[in-house]
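The structure under discussion appears below in the form of structure tokens.
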Amino acid sequence: MIRTLLARSGALTGALLAATVLSSAARAAEPQDFTADARALARVVACSDLAAPLPDGVTAREVGYHCRAIALAMKKYKTRWLPKALPFFAEVVPKGLPDVVVYPFGGADLTNALAVFPDAREITTISLEYSGDPRTIRELRGQRLAHSLKLTRDFIAKLIAVNHNRTIDLDALVDDPVPAPLVFALVGLAIHDRELVSVRYFRLDAAGAVQYLTAEDIAKIDEMVMSGRSNKALAARNEAFANVEVSFRRRGVPDAPIQVFRHIRENLADDHLTLESPLMRHLLAKGRVTAMTKAASYLLWRTPFANIRDWLLANMAWMISDSTGPTPTDAAAAGFTQDVWGSFAGAMFSAPHSGAKDMAAHFAAQPSRDISFFFGYPDVNNQPHLVVTRPKRASDEE
Numbered sequence: 020m021i022r023t024l025l026a027r028s029g030a031l032t033g034a035l036l037a038a039t040v041l042s043s044a045a046r047a048a049e050p051q052d053f054t055a056d057a058r059a060l061a062r063v064v065a066c067s068d069l070a071a072p073l074p075d076g077v078t079a080r081e082v083g084y085h086c087r088a089i090a091l092a093m094k095k096y097k098t099r100w101l102p103k104a105l106p107f108f109a110e111v112v113p114k115g116l117p118d119v120v121v122y123p124f125g126g127a128d129l130t131n132a133l134a135v136f137p138d139a140r141e142i143t144t145i146s147l148e149y150s151g152d153p154r155t156i157r158e159l160r161g162q163r164l165a166h167s168l169k170l171t172r173d174f175i176a177k178l179i180a181v182n183h184n185r186t187i188d189l190d191a192l193v194d195d196p197v198p199a200p201l202v203f204a205l206v207g208l209a210i211h212d213r214e215l216v217s218v219r220y221f222r223l224d225a226a227g228a229v230q231y232l233t234a235e236d237i238a239k240i241d242e243m244v245m246s247g248r249s250n251k252a253l254a255a256r257n258e259a260f261a262n263v264e265v266s267f268r269r270r271g272v273p274d275a276p277i278q279v280f281r282h283i284r285e286n287l288a289d290d291h292l293t294l295e296s297p298l299m300r301h302l303l304a305k306g307r308v309t310a311m312t313k314a315a316s317y318l319l320w321r322t323p324f325a326n327i328r329d330w331l332l333a334n335m336a337w338m339i340s341d342s343t344g345p346t347p348t349d350a351a352a353a354g355f356t357q358d359v360w361g362s363f364a365g366a367m368f369s370a371p372h373s374g375a376k377d378m379a380a381h382f383a384a385q386p387s388r389d390i391s392f393f394f395g396y397p398d399v400n401n402q403p404h405l406v407v408t409r410p411k412r413a414s415d416e417e
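In terms of this note's numbering, the sequence shown opens at residue 20 and continues consecutively.
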């Protein structure tokens, strides 16, 4: 009898151990959740939830000045730019567009993407910036925290002042431990009264499908970094935290649909974005999309960026941009026309001459339409402008 009980007990223990192992393996294979770290970033750096408690070791005095400055920058955006821009977008953006938005050269600019497309189901920005490791907020204290906060608020103040990400400003953030693109997204959520639901990181597999990072993936990266902090190890961590996914919904509306923002770190030049690359396959899998770009350094006018330009013109249903979108000639060849607002007499800095000439001639030939706010770059005369690229209609020929 005792032997029988012991045998049963041993079998039960073995089963429990096996179940525990399987459960642990299942958890290891699940996407690693970084929402708690993102909420800490939202409180300390993005200052988007001041009612939330501060992380241990961070005092109200340390973040008080920073959060007052961030609040002032947000207020300027909400009281000076949004009241002019939102009615314009409500009138200009057609109903029934694809609810998947792709924003190449977007620099994690969720703030302006939500201003144009508040009901988008999915927004993807693509640029050179790594999303960054959100766990750094656990360790940043004292002077290191103060330095990071200053860099962030200076950038956000400039971003709101000129309404576009400047490469020179982004470069100042490259080596800072604060994950700037994620912080910018959190600021965008605060401005547009959205609440954070989850944060995960991912890579694209060979077929272009999203593969979320697991606890096991993160542990391997951490082990590599801790083993020597070599440049190779740090580069591996940057790559691991290159792409972020943020899900969110309207604040205070529990049954509001979940919206998804993804920032993908990638070089969009043709030698990186090949036709067989994971990112190109990811983009092609989206089908028809709505597109947006601005402050894109006129790269879509340049020969080395033909693949992203051709993908846009073949797959977008509609696009909003400043002058750094497709040229009028390229748009027309793909069956589009361009409506323009404001004035464009030339590019504000070096750009392909043929593209600048093409765009200036198109503006000159269009009816005059005023615009009261800046959307991306100004022109050479510091004047605002905006371009909508849409399918041609029969009435366009009349």
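Here a beta-carbon is modelled for each residue, glycine too, at the ideal position from N, C-alpha and C.
Everything numeric in this text was worked out from a predicted model, so none of it was measured.
Three-way DSSP call (helix, strand, coil) for residue i in this model
i    : result
V399 : coil
Y6   : With the chain represented from 20 up to 417, any question about residue 6 goes unanswered, as that position is not in the structure.
P72  : coil
P273 : coil
R62  : helix
V77  : coil
P198 : coil
D415 : helix
L129 : helix
P102 : helix
R140 : coil
L205 : helix
T293 : coil
P117 : coil
L159 : coil
V244 : helix
L25  : Unreliable positioning characterises L25 in this predicted model, as indicated by a pLDDT of 36, which lies under 50. A coordinate reading is not provided.
V407 : strand
A288 : coil
F393 : coil
K97  : helix
R256 : helix
K305 : coil
V40  : At V40 the pLDDT is 42, less than 50, meaning the model places this residue with poor confidence; the figure from the coordinates comes in the next sentence. Here V40 sits in helix by DSSP.
G83  : helix
V135 : helix
A45  : Interpretation of A45 is limited by its pLDDT of 49, a score under 50 that renders its predicted location unreliable; the figure taken from the coordinates is listed afterwards. The answer is helix: DSSP assigns A45 an H, G or I state.
D173 : helix
D56  : helix
S67  : coil
S150 : coil
V112 : coil
Contact belief for residue i with residue j at Cβ below 8 angstroms, rounded distance in angstroms
i    : j    : result
A288 : V308 : That pair is no contact at about 21 angstroms.
P153 : L60  : 6 angstroms
A315 : F124 : 4 angstroms
H404 : G361 : 3 angstroms
A132 : Y122 : 6 angstroms
V279 : D358 : Actually they do not touch by this definition, with Cβ atoms about 29 angstroms apart.
L201 : S167 : The Cβ separation is near 13 angstroms, so there is no contact.
T130 : I210 : 6 angstroms
E49  : T233 : 6 angstroms
R213 : R269 : 6 angstroms
T171 : A127 : Actually they are not in contact, since the Cβ atoms of T171 and A127 sit about 13 angstroms apart, beyond 8 angstroms.
F218 : V263 : According to the sequence provided, residue 218 is Val. The question's Phe does not apply to it. Rounded, the Cβ-Cβ distance is 7 angstroms, consistent with contact.
K251 : V119 : Not really, about 36 angstroms apart at Cβ, beyond 8 angstroms.
S340 : T322 : So it is not a contact: roughly 19 angstroms between Cβ atoms.
I156 : D241 : That pair is no contact at about 16 angstroms.
D415 : T356 : 5 angstroms
G365 : D389 : Not really, about 20 angstroms apart at Cβ, beyond 8 angstroms.
R160 : G76  : 5 angstroms
R164 : E235 : Here the sequence assigns Leu to residue 164, which means Arg is not the residue at that position. Wrong, their Cβ atoms sit about 30 angstroms apart, outside the cutoff.
Bridge-paired residues (DSSP) for residue i
i    : result
R222 : Q230
I145 : P123 and I283
F267 : L215 and Q278
L50  : Note that residue 50 is Pro in the sequence shown, not Leu. Answer by DSSP bridge pairing, in chain order: T233.
N262 : F221
Residue i: CB within 8 angstroms of a non-hydrogen atom of the ligand MN
i    : result
T356 : Questions concerning the ligand MN fall outside what the structure shown contains, since it holds no ligand whatsoever.
| field | Secondary structure, beta strand (DSSP E): runs of 3+ residues fully inside the region 307 to 388 | value | 308 to 312, 335 to 340 and 355 to 361
| request: Would you check if there are 3 or more beta carbon pairs closer than 8 angstroms linking the region 81 to 98 to the region 252 to 271? | output: Output reads no: the region 252 to 271 does not touch the region 81 to 98.
| query | Using 8 angstroms as the threshold, is the region 387 to 399 in touch with the region 102 to 110, meaning 3 or more CB pairs across them? | reply | yes
| Should the region 287 to 306 be called in touch with the region 219 to 233, which here means at least 3 C-beta pairs below 8 angstroms? | yes
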